[in-house]
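For the sequence shown, the positions run 1 to 414 when UniProt numbering is used. Virtual Cβ for every residue (Gly too), placed ideally from N, Cα, C. Nothing here was measured: the structure is a model prediction, and the numbers come from that model.
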Amino acid sequence: MTRVLLIEDNPADARLVRHLLDGESLFEVRWAKSLAEGLQNLESQPCDLVLADLHLPDCDGITIVECLTQAYPEVPIVVLTGQLQDGLAEEAIQKGAEDYQEKDKLNDHCLSRSLRYAVQRHQLNHQIRQTCASLEQSNRQLKDAQMKLVQQEKLATVGQLSAGIAHEINNPLSYLKSNLKTLQNYFQRLNEFCALLPLQDCPELKEAARRLKIALVMEDCPDVLTESQDGVTRIEDICQNLKLFTYQGIQERVAADINACLKSTVRVAWNALKYQAKIEYDLAELPPLLCSPQKLNQVFMNLLLNSVHAIEEKYGQAGQKVAEPQGRIGIQTREQNGQIVIAIEDNGNGISDEVLPHIFDPFYTTKAAGVGTGLGLSVSSDIVRKHQGHIDVRTSPQGTVFTLTFPLAEPVLN
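Structure (structure tokens):
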């Protein structure tokens, strides 16, 4: 049985409508004399359809339809009008009514059919909207899946290129590294030899040493050689990071002290951290974790640098020496339920709702062009997964917490 709420201020018209519908035995009719009373009735009792007069004591015309559709969009509306004036009924349909009936032409058959069709149309329209929304969501999911496949293909291509580049660089780099060590040894010998030259007894040698600035050369050469060796070491590190893209698994695992790994990573990243954030440790005593420490250090580094960038965006202290940085990065470890849990928390600007679903997507970045590759968190997530671990993120405008969880294997004997 269809539950109908009749909103009509004229008792005679209300009796007529109830009489016409009672004869069908298909409708249960409730009566309200004003829009306010009708809205109260809808709030207290469910209803399948509203049959409303367009001229009520507390509201008039199209406003009645607008109020009803805004308050209860899921309930279909059929309007009653005494006479058609200036397209009022048609405008009511445009505003959301399903149909209209003229009071002076009412009969049981037409009114019953109008109400039944109104309910059916409204239900069909609702189903269509739901189907469209579902199709749109499926379409978005398919596009996201397609984009991820493209990104994964790009990542695989980058991995292959990286392996080749690293190999091509490593070969000449090994010669350069070896020759620099040899050159440093040669310089030490030359330095010792020059110190024995009798410059005071030989004016020509003394003049040549002055003209060629030999004293400056001898003083500057050790620094030049040291800087060159540092440059070679940095290139080696870059090649090692390039190899990360071809990382397919954990070939060699060792028992590692996770607390020591975290502290080591902080020391390596200290130049980027020291003016941005105060590091706060809360490290529990942990058993050794069977893992690849180098890979986990890469994860820790990526998370720490992300925290630094978030703090920079919030407080704007990039590169500035300050007595007490406003940023804070908390590093916590604990053992829980046979797992090692690591939390890295910052008080940066957080991650927006639009960005959050994509932070682990390859090549997704919110940084300016040339600043970030969008691979840090994607690679980190892959490393954690290959350690049978899990990475989780909680964020708010007050900051972000990344939580890493790794299962403990059988106890490792020292």
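Item to complete: Find out if the Cβ-Cβ distance for the pair E91, H122 is shorter than 8 Å.
Response: With contacts defined by Cβ atoms closer than 8 Å, E91 and H122 do not form a contacting pair.
Worksheet item: How long is the line joining the alpha carbons of P198 and R189, rounded to whole angstroms?
Response: 17 Å
Practice prompt. Answer yes if the stretch 254-271 comes into contact with the stretch 291-302, meaning at least three C-beta pairs across the two stretches below 8 Å, and no otherwise.
Written response: Contact between the stretch 291-302 and the stretch 254-271 is present: 3 or more CB-CB pairs across the two stretches fall below 8 Å.
Worksheet item: Less than 8 Å separating the beta-carbons of D53 and L26?
Response: no
Practice prompt. Since I believe L35 is in contact with I62 (beta carbons under 8 Å), could you give me their beta-carbon distance rounded to a whole number of angstroms?
Written response: At roughly 12 Å, the Cβ-Cβ gap does not stay under 8 Å, so I62 and L35 are not in contact.
Worksheet item: Residues bridged to Q336 by DSSP?
Response: Q339
Worksheet entry | D282, enclosing beta strand (DSSP E) - first and last residue | A277 to L283
Worksheet item: Is it right to say D60 is buried, meaning 16 or more other beta carbons lie within 10 angstroms of its own, or is it exposed?
Response: The C-beta of D60 has fewer than 16 other C-beta atoms within 10 Å across all chains shown, which makes the residue exposed.
Discussion item. For H126 and I93, what's the separation of their Cα atoms in angstroms?
Written reply: 16 Å
Fill in: As assigned by DSSP and simplified to three states, the class of K404
Before going further, note that residue 404 is Leu rather than Lys in the sequence given. Here L404 sits in strand by DSSP.
Practice prompt. Measure the alpha-carbon distance for P203 versus V217 and round it to whole angstroms.
Written response: 20 Å
Worksheet item: If you drop the 5 nearest sequence neighbours on each side, which residues of the same chain put their C-beta closer than 6 Å to that of I383?
Response: K295 and V299
Discussion item. For A71, which residues in the same chain have their Cβ closer than 8 Å to its Cβ, ignoring the five residues on either side in sequence?
Written reply: Taken in chain order, the residues that qualify are L39 and L42.
Discussion item. Can you tell me whether S307 is helix, strand or coil according to DSSP?
Written reply: helix
Worksheet entry | Sequence-distant residues of its chain with Cβ nearer than 7 Å to K314 (five each side left out) | Listed in chain order, the non-local C-beta contacts of K314 below 7 Å within the same chain comprise G348 and N349, local neighbours out to five positions each way being set aside.
Worksheet item: Just checking, does the stretch 132-146 make contact with the stretch 8-22 on the three C-beta pairs under 8 Å criterion?
Response: The stretch 132-146 vs the stretch 8-22: no contact.
Fill in: Among G87, S174, F193 and I311, the one whose alpha carbon lies nearest that of residue 416
For residue 416 there is no data in the structure shown, the boundaries of the chain being 1 and 414.
Discussion item. As an exercise, report each continuous alpha helix (DSSP H) stretch of at least 4 residues that is fully enclosed by the stretch 152-223, in chain order.
Written reply: 203-211
Practice prompt. Could you pull out every residue in the same chain whose Cβ sits closer than 7 Å to the Cβ of L356, ignoring the five residues on either side in sequence?
Written response: T395
Fill in: Buried or exposed (CB count within 10 angstroms, at least 16 for buried), I351
Answer is buried; the Cβ neighbour count reaches 16.
Worksheet item: Going straight from the alpha carbon of S378 to that of R267, what length do you get?
Response: So the two alpha carbons sit approximately 23 Å from each other.
Discussion item. Could you give the first and the last residue of the continuous beta strand (DSSP E) run that contains R394?
Written reply: Per DSSP, R394 belongs to the beta strand (DSSP E) from H390 to S396.
Discussion item. Please tell me whether I169 and C239 are closer than 8 Å, where the distance is taken between their beta carbons.
Written reply: Yes. Within cutoff.
Discussion item. Measuring alpha carbon to alpha carbon, tell me which residue in K181, S228, E312 and F360 is nearest D392.
Written reply: Checked all of K181, S228, E312 and F360; the closest Cα to D392 is F360.
Worksheet item: Rounded to the nearest angstrom, how far is the Cβ of F406 from that of L303, given a contact under 8 Å?
Response: About 14 Å; that fails the 8 Å criterion.
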